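Using the working numbering, read the sequence shown as starting at 19 and increasing by one per residue. What follows is a short report on a single structure.
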Amino acid sequence: MAYNYDVKLEIANDKVRDVFDFNSIEPQIKEAIEKYHALNTVRNKKNLSYKISPKILEISISSPVKLDVPSKALAKFTRILIELSPELEGTIANGRVFQSIQISIPVSDMDNISSSETLKKLIDIFCDDLESEDIQKKHERLKIQREIKKIIFNVH
Numbered sequence: 019m020a021y022n023y024d025v026k027l028e029i030a031n032d033k034v035r036d037v038f039d040f041n042s043i044e045p046q047i048k049e050a051i052e053k054y055h056a057l058n059t060v061r062n063k064k065n066l067s068y069k070i071s072p073k074i075l076e077i078s079i080s081s082p083v084k085l086d087v088p089s090k091a092l093a094k095f096t097r098i099l100i101e102l103s104p105e106l107e108g109t110i111a112n113g114r115v116f117q118s119i120q121i122s123i124p125v126s127d128m129d130n131i132s133s134s135e136t137l138k139k140l141i142d143i144f145c146d147d148l149e150s151e152d153i154q155k156k157h158e159r160l161k162i163q164r165e166i167k168k169i170i171f172n173v174h
């Protein structure tokens, strides 16, 4: 049985996020995935595939084991991609190249998400700095906050 995850990534550095275009490094993304698949040092070998748009890199991960934090499975891929794409060096912010903006987890795995992971996500949703986000993301996050409050406080 394989576990499948879709992770949407954007450039972590908000100063260059709007000008960076993933299409400009598509050949390097493809090569980084090929090199990742060829590695012998990866535990629980995962299969990666990708889709890109100018601002979003979507990585699909197929894993033989359940991943608690799917985006962490991309660390080696990210290191390979940085080696192949020196222009990514200028996008690093707080030691990160990417930030995940959406992770799709199969509904069947929802009960397996730990309470601590859920709490961490809630803290991110309510405590991350809204000022550094664009208008659309800010509205999305405020909408999610309202929905969570409705559920927690039983508001109809």
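Beta carbons: idealized from backbone N, C-alpha and C, even for Gly. Quick caveat: nothing in here was measured; it's all calculated off a predicted structure.
Query, Result
"Exposure of THR136, with buried meaning 16 or more beta-carbon neighbours within 10 Å", "exposed"
"Member of LYS84, ILE170 and ASN112 whose CA lies at the smallest distance from the CA of ASN130", "LYS84"
"Three or more C-beta pairs below 8 angstroms linking the region 107-121 and the region 57-66", "no"
"Distance, GLN163 Cα to VAL87 Cα", "22 angstroms"
"Among SER78, GLU105, ILE79 and VAL115, the one whose alpha carbon lies nearest that of THR96", "VAL115"
"Whether LEU66 touches ILE79 by CB criterion (9 angstroms)", "yes"
"Reduced DSSP secondary structure (H/G/I, E/B, other) of ASP24", "strand"
"CB contact flag (SER89, LEU140, <9 angstroms)", "no"
"Other residues of its chain near PRO72: CB distance less than 7 angstroms, five sequence neighbours each side excluded", "ASP39, PHE40 and ASN41"
"Residue burial classification, ILE170 (beta-carbon count within 10 angstroms, cutoff 16)", "exposed"
"Three-way DSSP call (helix, strand, coil) for ILE131 in this model", "coil"
"Buried versus exposed call for ILE166 [16 or more other C-beta atoms within 10 Å across all chains shown]", "exposed"
"Residues of its chain near LYS64, where Cβ-Cβ distance is below 6 angstroms and the 5 sequence neighbours each way are ignored", "ILE79, SER81 and ALA91"
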